[in-house]
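Just so you know, we're using the numbering used here here: the sequence shown kicks off at 381 and counts up by one.
Ideal Cβ positions, reconstructed from N, Cα and C, are used throughout, including at glycine.
So the structure is just underneath, and the comments pick up after that.
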Amino acid sequence: MSTFQSTNDSNTNGMKKNEIAFTAPHFKATETGRKILEQGGTAIEAMVAAAATIAVVYPHMNGLGGDGFWLISEPGKTPVGIDASGKAAELATLDFYKDHDSIPTRGGKAALTMAGAVAGWQEALTMSQEWQANLPLSTLLDDAIQLAKNGSAVTKTYVDASKKTFADLVHVQGFDEAFLKAGGLYKEGDNLTLSVLAKTLEQLAEKGLDDFYHGDIAARLAKDLTTAGSPIRLTDFHSYQAKRVAPLQVKTSVGSLYNLPAPTQGIASLLILALYDKLYTQGKTAIDMAHLLIECTKQAFIARNQFVTDESRLTVDLSSLLDDEQLEKMCHEIALEQAQSWPHQAKHGDTIWMGACDHEGRMVSYIQSLYWEFGSGVVSPSTGIVWNNRGSSFSLDKDSLQALSPNLKPFHTLNPAFAELNDGRRMSYGTMGGEGQPQTQAALFSRYVYHGMPLDPAISEGRWLLGRTWGDVSHNLKVEGDFAEIAADELVKRGHDLVVVDSCNELMGHAGAVVLHQDGHADAATDPRSDGSAIVSVFI
């Protein structure tokens, strides 16, 4: 479902009113975000509230047992990032997995990194408190609590994820009771209640978010994870902190672009657009645009795979890849009429992205994830929290750039984006979709900024994806049917290994964007490939 609301930005006395905006891939999360913004809450408070709600209504995509990344922008100030991704447990050593050829993707041993999302909420709210007094946690978490208690309608994406993972997860600790219906699958439209999770959210609202890491909830989670076979222990909860980070940034002809540093693939997202900024004038058609962005993606992914790892293991300053000299070298590898061949090890993952703008023009780009659908599948029976499997992207090869080691972070596909354009517009944008995240960001941004397309069609029109995304193992170029009708023959002619997929395909991710114009009015859009909605309204 995709909706868009706009309002007149003038009031009865002729003074401009500030507009608020929110977008999310599930309409219930958008409703929550809007409610907080209309109470005068900050963009951060609205995002925390919506993050809790979407963890309840989209539990296959994200949750309290996962990770989060934030980009937060105040007008006139450099954006601030928050890295709320989890590190590997103290016991998560190569010896712990000595009986395995690779780290399991499901079950207790896949649950090896700390969940950072709730710590990220806490750190973001600390920043929000610097702006104005925060609303009570009971207010921010109320929608999530009520939806967990009373239920929400099961979505098609939930049903599809359940079908896909049933065989892998049906016998994993706690999964059956939490996410299956009498041992079988829910149907679209069924009412999904998460009563145990509701009690956990109530406890967080009462005792504070720190209870997740230093209180009763931490103790119960640690016990349940140990029972499931995870290497995570209570000391791992006690030692975890989310941290503020300086975003990577690049100056282009259209403005300044921001994304997250290692261990995310934010550098890839910036590289694609920085390269396209130098090449886009070569193109004359939508096919040229797609081809050039695909070729820019290849160069960005080569660099990403060579360098991105845990911050402590970096061998180069990632920002140096954005230097003009390095960009020119990559540009020389790109030809308008010929595709580079592409054998490639792809990354995948399941995620949600949301964007917000409050009455003071403060904006948030936020992403929250479990990695694969339902993460490890391990559900803590005492808390109702499903744990991520992000640690399964570590390698058991001690010589690998991604070699498993305690207290290090695995590579993350997660990367929320933000832009400050030369004409005064500020843009919060992003998507889920693993390997597809940088590509979808580049497509919607290029259509909207470089080619003047309105925000809604920039997101909704046919897209493409190079390599593997969530739920897929092939490395070719996938093109949605509506775009393939005009582009497939020419892309094949240029050397792309192309496969046509259905139009409006969830494979392409759930994108969204919020734009604040210099005159104070806002635009917001969400992806028809999701169950989301986008709102813009006047703050009174």
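> Among 682, 865 and 558, which residue has its Cα nearest to the Cα of residue 645?
Replying inline: Out of 682, 865 and 558, the CA that lies nearest to the CA of residue 645 is found in 682.
> Which runs of the beta strand (DSSP E) spanning at least 3 residues fall entirely within the region 711-751, listed in chain order?
Replying inline: List check, beta strand (DSSP E) in window: 730-737 and 743-751.
> For residue 758, does the three-state DSSP call read helix, strand or coil?
Replying inline: In the structure shown, residue 758 falls within a coil segment according to DSSP collapsed to helix, strand and coil.
> Of all the options 519, 607 and 470, which has the alpha carbon lying nearest to the alpha carbon of residue 432?
Replying inline: Ranking the options by Cα distance to residue 432, first place goes to 519.
> Whose CA, out of 668, 578, 647 and 602, lies closest to the CA of residue 792?
Replying inline: For the residues 668, 578, 647 and 602, the minimum Cα distance to residue 792 belongs to 647.
> Where residue 709 and residue 439 are concerned, what is the direct C-alpha to C-alpha distance, given to the nearest angstrom?
Replying inline: About 43 Å.
> Roughly how many whole angstroms lie between the Cα atoms of residue 416 and residue 501?
Replying inline: Separation of residue 416 and residue 501 (C-alpha to C-alpha, rounded to the nearest whole angstrom) is 15 Å.
>> Can you give me the C-alpha to C-alpha distance between residue 780 and residue 819, rounded to a whole angstrom?
In response: Spanning the two alpha carbons is a distance of roughly 26 Å.
> If you draw a straight line from the alpha carbon of residue 408 to that of residue 420, how long is it in whole angstroms?
Replying inline: Each residue's Cα considered, the two are about 19 Å apart.
> Quick one: what's got a C-beta closer than 6 Å to residue 510's C-beta in the same chain, skipping five residues either side?
Replying inline: There are no such residues.
> What's the C-alpha gap between residue 599 and residue 616?
Replying inline: Roughly 11 Å between the two C-alpha positions.
>> Which residues does DSSP list as the beta-bridge partners of residue 471?
In response: Under DSSP, no beta-bridge partner is assigned to residue 471.
>> Contact defined as beta carbons within less than 8 Å: I believe residue 755 pairs with residue 554. What is the distance between those atoms, to the nearest angstrom?
In response: With a Cβ gap of about 12 Å, residue 755 and residue 554 do not count as contacting.
> When every heavy atom of the ligand NAP is checked, does at least one fall within less than 8 Å of the C-beta of residue 782?
Replying inline: The ligand NAP is not part of this structure, which contains no ligands at all.
> Which runs of the beta strand (DSSP E), 3 residues or longer, sit entirely within the region 423-468?
Replying inline: Within the region 423-468, the beta strand (DSSP E) runs of at least 3 residues that lie entirely inside it are, in chain order, 447-453 and 460-464.
> Roughly how many whole angstroms lie between the Cα atoms of residue 831 and residue 540?
Replying inline: Cα to Cα, the separation comes out at about 35 Å.
>> Is the beta carbon of residue 435 closer than 9 Å to that of residue 362?
In response: The structure shown has nothing for residue 362, since the chain only spans 381 to 920.
>> Restricting to runs no shorter than 4 residues, where is the alpha helix (DSSP H) found entirely within the region 460-543?
In response: For the region 460-543, whole alpha helix (DSSP H) runs of length 4 or above, ordered along the chain, are 497-511, 517-520 and 522-530.
> Is the region 806-818 in contact with the region 887-894, if contact means three or more CB pairs nearer than 8 Å?
Replying inline: With a cut-off of 8 Å on Cβ pairs, the region 806-818 is in contact with the region 887-894, counting three or more such pairs.
>> Distance check for residue 562 and residue 650, CA to CA, integer angstroms please.
In response: So the alpha carbons of these two residues sit roughly 46 Å apart.
>> Just verifying my parser: in three-state terms, what is the DSSP assignment at residue 697?
In response: If DSSP states are grouped into helix, strand and coil, residue 697 belongs with coil.
>> According to DSSP, residue 399 sits in a beta bridge with which residue or residues?
In response: In DSSP, residue 399 forms a bridge with 918.
> Taking the alpha-carbon positions, what's the residue 385 to residue 916 distance?
Replying inline: Below a pLDDT of 50, predicted positions are generally treated as unreliable, and residue 385, at 36, falls in that range; the measurement from the model is reported next regardless. One Cα belongs to residue 385, the other to residue 916, and the distance between them is close to 5 Å.
>> Is it buried or exposed, residue 920, if we count other Cβ atoms within 10 angstroms and call 16 or more buried?
In response: So residue 920 ends up on the exposed side.
>> Taking the straight line between their C-alpha atoms, what separation do you get for residue 468 and residue 768?
In response: Answer to the nearest angstrom: the Cα atoms are 12 Å apart.
> Should residue 732 and residue 748 be called a contact, given that it needs their Cβ atoms to be closer than 9 Å?
Replying inline: Yes, they are a contact pair.
>> Let me confirm a value: residue 905 is counted as buried when at least 16 other C-beta atoms fall within 10 Å, else exposed. Which label applies?
In response: Under the 10 Å beta carbon count, residue 905 is surrounded by 16 or more other beta carbons and is classified as buried.
> Taking DSSP as the reference, what is the three-state secondary structure of residue 782?
Replying inline: Coil, per DSSP.
>> I need the straight-line Cα distance from residue 503 to residue 462, nearest angstrom please.
In response: Near 8 Å, if we compare the C-alpha coordinates of residue 462 and residue 503.
> When the Cα of residue 699 is compared with those of 627, 410, 790 and 633, which residue comes out closest?
Replying inline: Per the C-alpha coordinates, the member of 627, 410, 790 and 633 positioned closest to residue 699 is 627.
>> For a minimum of 4 consecutive residues, which ranges assigned as the alpha helix (DSSP H) are wholly contained in the region 561-597?
In response: For the region 561-597, whole alpha helix (DSSP H) runs of length 4 or above, ordered along the chain, are 575-587 and 591-594.
> For residue 777, does the count of other Cβ atoms within 10 angstroms reach 16, so buried, or fall short, so exposed?
Replying inline: By the 10 Å Cβ count, residue 777 comes out exposed.
> Hey, which unbroken runs of the alpha helix (DSSP H) at 4 residues or more fall wholly within the region 617-648?
Replying inline: Listed in chain order, there is nothing to give.
> Buried or exposed: residue 634, going by 16 or more other Cβ atoms within 10 Å of its Cβ?
Replying inline: Classification of residue 634: buried, given that the 10 Å Cβ count is 16 or more.
> Cα-Cα, which of 823, 513, 861 and 773 is closest to residue 466?
Replying inline: Ranked by how close their Cα comes to the Cα of residue 466, the residues 823, 513, 861 and 773 have 773 in first place.
> Mind checking residue 630: buried by the 16 CB within 10 Å criterion, or exposed?
Replying inline: The residue in question, residue 630, is buried, as its Cβ has 16 or more Cβ neighbours within 10 Å.
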